[in-house]
Each structure stands twice: as structure tokens, then as C-alpha cells.
DNA sequence: TAACTAGGTCTGAAAATAAGACTCAAGAAA
DNA sequence: TTTCTTGAGTCTTATTTTCAGACCTAGTTA
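Protein chains in written order, with our numbering: chain A, 1 to 152; chain B, 1001 to 1152.
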């Protein structure tokens, strides 16, 4: 199967993966959250090659995750890539990955704390039931076909 | 930069991506949560090629995300790949991706509902502060170096 | 005018992926 | 006993992606 064909699968995990599921895309988004906006800054902070960065930024813009806008520096016009609302909504995925990374891949402790500004507590993700409010784990959840499923 | 070198970066988002950030790995994990355990079942449900599936399963086992065990069918011995605790802890990432996928890539509505067994409500992720309990968005969070950061 | 900078494009070599043929062992069928 | 089928892979070849670095272009500064 061609990887691109996966986007047609009726699965809300598979479909985002066709957009985000490669080596670099998610790291670019991560840098965006960290305030990186310019081509050269993505380039040097990530160590990605120019060609790939160019292609990936284009794709993120196409998918409406980043906006590409020229803006006036003091003197020159430069390009900026900024997260859209759709892009900012990826934040829980980022924090979920960070929680797992801190737990299993950070032998020297968390490299970065994500603190509640002002309060000083740390941000973590939780799965909760939107009806009873209880905190859930994988055991408590049962998948069930929805309206977007393909009828056989 | 070689992609593999990224695993040394002091970042709990980058490091998991070196394990999970390719076309197929996360989809294999997704299938594991859906109850798939056998080689042939991953193969047909995902449409991945044999060689890649073999290599990816090995890698997930190496990283302690799946366990590979022979088990007795009625008559024969077969292989099973099952999530470890480390693997099950990926669930919030999965649900976070699904939330985003349902919001932005499911024009016909959610293909699958992830329901709280018994209660019937739906599972969603939230970012909360572990000190004050408030629900947070990207705006409310400020990154700050931790013990695992490299000193410059 | 020359050099520099941001933001790219182009190119060739190396690596990863796709598709399918082949292997091998165990158990079932004839 | 020989053959067939099945699960779980390995191997091979062609195609795609990725890497690394050279090159390009327009405005800026010296």
C-alpha cells in the first residue's frame, strides 16, 4: 500500500499521522511552540537540511497548521511561520509525548519543565470522561463505530 | 545531521520521536491497543510490507514497548506481540492525536468513539496543572530548564 | 562595487520503503 | 508417508526519501 493512501482510512489517528508522522514535522511544530518563526532559525535549531525544511514548511502551511507571512523587520521584509489555531491545538499531543519522554527517556530528569506560568506547577495530560469526569486509562475505554465510519 | 543523533538531544519530545516518529511505528502501536497481536494481523490490517513490519516490531520490542512471546493456540505455537506497561503509557498520546484528528480531519464525524466503558461518555485529553489543578492551554505554560538539561 | 544575509532551489549519493518472491517449520490432510 | 497449508518471517529489486552541500536571488551594509 502506498503510504499516501492511508489518509483515506476512517481513523482519526491514522489521518493525522499522514500529515505529522515523519521524522521532522512534529519537531518543526515543537520549535514553533518554542517561539521559532524564521527559516534560518528552524534550520539551525533542528539540524534539518534546507531542502527538507522548505518542503515540510510548505506542507504545514498547506494543511493550515502554520501561516507563512512576510513581516517588516526594522529594515527588511522577512518571512515568518506562525502557528494557526489548528496548529496550536496540537499542544496536547506535544505534552503527551513529553510526559512519556520524561518518564521513559530522561534518565537525568526532565530536560525542560513545562510550568504553569505564575502558579509554578507542572503541566501534564490526563484522559478524562467528558460525562462523569473520571480519569481514564486504556482499560476503561471501549472503541465503538461512529458516524464517520465506513459502512461495510 | 544524522537523524539518529537526535536521540541525544536533551528534549523529551525529540527523544520519543526518534523511536516513534516514522510512518508506521505509531500505527502499529495503535493496532496493539485495538487488540491486534499477531504478525499476519498487523500485516493485513495496516497494509505495511512484510520486511518493514518485521523490522518495526523488532524495534518496538527492543525499546520495551512491545513484548514478543510464543503462546499456545489450540494446537500450534504462535507469536504474540503485546503492549508492555511502557507501551500502554503511550495511550494519552494516542487519544490526543485522535482528539485533533476528530476535530480537523473527520468531515463525516468521528469514525470511532472512544467511550468510557459503562458510563458511555467519551474520553478526551486535557492539560492540567498538577499543583492548582487548573486546565491549561499553550499560552499558560512556560518552559524552563530542568535537571536533565545540558549546561552550556 | 563587494560582501553579506535570509530564504530559498538544485544535485548526486546514500538510505528507507514498497511489493512481492522465497524460506522454513509445524500440523493437517490424503 | 508424502503433500498441503499456515504463520512468521527473510531476501531481492525498483522506487522514493533523505542527506549534505553547492548554488541562486534580492535587498543591505561597508
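Ideal Cβ positions, reconstructed from N, Cα and C, are used throughout, including at glycine.
Since we're looking at a predicted model, the values are computed, not measured.
Rounded distance between the beta-carbons of residue j and residue i, thought under 8 Å
i	j	result
residue 139 of chain A	residue 1136 of chain B	That pair is no contact at about 26 Å.
residue 125 of chain A	residue 1127 of chain B	6 Å
Between the CA atoms of residue j and residue i - distance to the nearest angstrom
i	j	result
residue 149 of chain A	residue 4 of chain A	19 Å
residue 1130 of chain B	residue 1036 of chain B	34 Å
residue 11 of chain A	residue 1110 of chain B	8 Å
residue 7 of chain A	residue 1064 of chain B	29 Å
residue 141 of chain A	residue 1114 of chain B	6 Å
residue 1014 of chain B	residue 1112 of chain B	29 Å
residue 100 of chain A	residue 1025 of chain B	16 Å
residue 85 of chain A	residue 16 of chain A	16 Å
residue 41 of chain A	residue 104 of chain A	29 Å
residue 50 of chain A	residue 59 of chain A	14 Å
residue 95 of chain A	residue 89 of chain A	11 Å
residue 119 of chain A	residue 1073 of chain B	55 Å
residue 132 of chain A	residue 108 of chain A	38 Å
residue 55 of chain A	residue 1055 of chain B	28 Å
residue 75 of chain A	residue 2 of chain A	47 Å
Sequence-distant residues of its chain with Cβ nearer than 8 Å to residue i (five each side left out)
i	result
residue 68 of chain A	57, 61, 79, 80 and 81
residue 1032 of chain B	1066, 1081, 1082, 1083 and 1087
residue 53 of chain A	24, 28, 39, 42, 43 and 46
residue 70 of chain A	77, 78, 79 and 80
residue 91 of chain A	33
Close beta carbons around residue i, own chain, < 6 Å, minus the five adjacent residues each side
i	result
residue 143 of chain A	none
residue 102 of chain A	110
residue 18 of chain A	6 and 7
residue 48 of chain A	24
Beta-carbon contacts of residue i that lie in its chain and below 7 Å, excluding the five residues immediately before and after
i	result
residue 45 of chain A	31 and 36
Selected residue, minimal CA-CA separation from residue i, among the options
i	options	result
residue 122 of chain A	B:1055, B:1118, B:1094 and B:1134	B:1134
residue 1106 of chain B	A:146, A:28, A:38 and A:50	A:146
residue 1027 of chain B	A:34, A:76 and A:9	A:9
residue 21 of chain A	B:1055, B:1093, B:1120 and B:1059	B:1093
Counting only runs that start and end within the region 1016 to 1082 of chain B, where is the alpha helix (DSSP H) found for 4 or more residues in a row? 1025 to 1033, 1039 to 1046 and 1050 to 1062
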